[in-house]
Structures are given as structure tokens and as C-alpha cells.
């Protein structure tokens, strides 16, 4: 397959999070994040300025398998995105997943 010069690329990756629970253990949660690729120069500039949150606000453009508190499917909106990005474990997982896919092209690797 030939490489195509595209103005915008998007990719989807599974996000896995070990979330602490009230039992003193961890629950495994997962969802799919949809990201928009940025140019390496743009990513590096944002990261050099310490703007990891701003980077994710620009590149995290959708999700699948995220539910509202009542169990209904959540719609991706800026508010929903910001609520997810306000969760420290989610923020860390999204940042790691984006950089692994967009910069390194490695994604999740099985042990």
C-alpha cells in the first residue's frame, strides 16, 4: 500500500486503565479513543511548552464505549472530552496512547 499525503489523519486505539475501586483493588476499564494526527513539529512545540493537556484537547476527537452515569452511551462533546481529561488516570493513558501511536507507531504491545 502506498503512503498517501493526506491533510488530516485519524486513528483509533484501545485505552486500558486500571482504576482503583472501593474494595481496595482495581477494576479494568477500557474504551476506544479516536485521535487526529498532528505534525511532529506541532507535537514537539506543545510538549516543549509543557502543554500536554492542550495537545490532547487538539488531538482527542472522539471515543467509543464510554457511558454516562446512568449507563446510556455518552456522546462525544467538548464537555465530555474535558471531563475525561480531568481524570488523572485517563489523562495519563490517553497521553501515553497518543504518543505511542502518533510518534512511535508502536501502539499497545502484548507481553
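Numbering (our numbering), first residue to last: 467 to 577.
For every residue, glycine included, the Cβ atom is placed at its ideal position computed from N, Cα and C.
Bear in mind that the values here come from a model prediction, so they are computed numbers and not experimental data.
Residue burial classification, residue i (beta-carbon count within 10 angstroms, cutoff 16)
i           : result
residue 511 : exposed
residue 506 : exposed
residue 521 : buried
residue 550 : buried
Contacts around residue i, its chain only, beta-carbon distance under 8 Å, and the 5 residues preceding and following it disregarded
i           : result
residue 492 : 484, 485, 486
residue 530 : 478, 497, 498, 500
Alpha-carbon to alpha-carbon, residue j and residue i
i           : j           : result
residue 543 : residue 515 : 26 Å
residue 567 : residue 470 : 18 Å
residue 490 : residue 538 : 27 Å
Sequence-distant residues of its chain with Cβ nearer than 7 Å to residue i (five each side left out)
i           : result
residue 528 : 500, 542
Residues near residue i by beta carbon distance below 6 Å, same chain, minus five either side
i           : result
residue 517 : none
residue 534 : 540
* Asked: Which runs of the beta strand (DSSP E) spanning at least 3 residues fall entirely within the segment 511-547, listed in chain order?
  -> 526-530
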